[in-house]
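Each residue of the sequence shown is one higher than the last, beginning at 109 in my numbering. We put the CB at the ideal spot given by N, CA and C, even for glycine. Below is one structure, written out as structure tokens; the observations come after it.
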Amino acid sequence: MKLDSKDKQILNILQEEGRLPVAELANRLNLSDTPCLRRIKKLEQAGFIQGYSARLDPKSLSLNVIVYAFVRLTENSAAYGEQFEQEMSRLPQVQECSVITGAHDYLLKIVAHDLLEYEGFVKHSLGGLKCIASIESTVVLKQTFSRHQLPVV
Numbered sequence: 109m110k111l112d113s114k115d116k117q118i119l120n121i122l123q124e125e126g127r128l129p130v131a132e133l134a135n136r137l138n139l140s141d142t143p144c145l146r147r148i149k150k151l152e153q154a155g156f157i158q159g160y161s162a163r164l165d166p167k168s169l170s171l172n173v174i175v176y177a178f179v180r181l182t183e184n185s186a187a188y189g190e191q192f193e194q195e196m197s198r199l200p201q202v203q204e205c206s207v208i209t210g211a212h213d214y215l216l217k218i219v220a221h222d223l224l225e226y227e228g229f230v231k232h233s234l235g236g237l238k239c240i241a242s243i244e245s246t247v248v249l250k251q252t253f254s255r256h257q258l259p260v261v
């Protein structure tokens, strides 16, 4: 699907205001409701819009620690990679899991209430996996900003 300027405007607005009523969105775009809704449905069906959710403030939930953990597997095989990825998808503390290049195999973004909780997470959740050879953690001292919107140009 090729995006035109109206589609891009829809994506930009919905990224910022996902609960905006279709009538208000249509009004902003100088469209009537039905064509606007049709465009939204096409964007959803094409996979541009994957879903709608509430963005929560980690601090309000006392999730005060963000850690980036570099993980190296004991064996660089498809089976170990698949096992590791499945395990990470089950852990709600793991916010992101990325395959990376270099000295490590994976980069994880992990949230915790405090460093003691993170230590327990490493020892009990990550440390129990036989496929992990090493974990190198970097604690975020201060997050200056975090974007959730993608640049739609």
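Take residue 246 and list the residues in its own chain whose beta-carbon comes closer than 6 Å to its own, dropping the five residues that flank it on each side. What you label residue 246 is simply residue 138 of the sequence shown in a count that begins at 1. 176.
Using DSSP with H/G/I as helix, E/B as strand and the rest coil, what is residue 215? Your numbering for residue 215 matches position 107 in the sequence shown. Here residue 215 sits in strand by DSSP.
Go through its chain and collect everything with a Cβ distance to residue 149's Cβ below 7 Å, but skip five positions before and after it. What you label residue 149 is simply residue 41 of the sequence shown in a count that begins at 1. Nothing meets the Cβ criterion.
Nearest-angstrom Cα distance between residue 263 and residue 223? Outside the shown range of the chain, which is 109 to 261, sits residue 263, and nothing can be said about it.
Is residue 147 buried or exposed, if buried means 16 or more other CB atoms sit within 10 Å of its CB? The residue given as residue 147 occupies position 39 in the sequence shown. When all chains shown are included, residue 147 counts as buried.
Going by the DSSP bridge assignment, what does residue 220 pair with across the sheet? Locating residue 220 in the sequence shown gives position 112, counting from the first residue. Answer by DSSP bridge pairing, in chain order: 173.
Taking just the CA atoms, how far does residue 111 sit from residue 181? Taking the sequence shown and counting its residues from 1, one reaches residue 181 at position 73. Taking the sequence shown and counting its residues from 1, one reaches residue 111 at position 3. About 40 Å.
Over what stretch of residues does the beta strand (DSSP E) that includes residue 144 continue unbroken? Locating residue 144 in the sequence shown gives position 36, counting from the first residue. That residue, residue 144, is in no beta strand (DSSP E); its alpha helix (DSSP H) goes 141-153.
Once DSSP output is grouped into helix, strand and coil, what is the label at residue 178? Locating residue 178 in the sequence shown gives position 70, where the first residue counts as 1. Three-state DSSP puts residue 178 in a strand.
Residue 203, buried or exposed, once every other Cβ within 10 Å from all chains shown has been counted against 16: As a working mapping, residue 203 is identified with position 95 in the sequence shown. Label assigned to residue 203: exposed.
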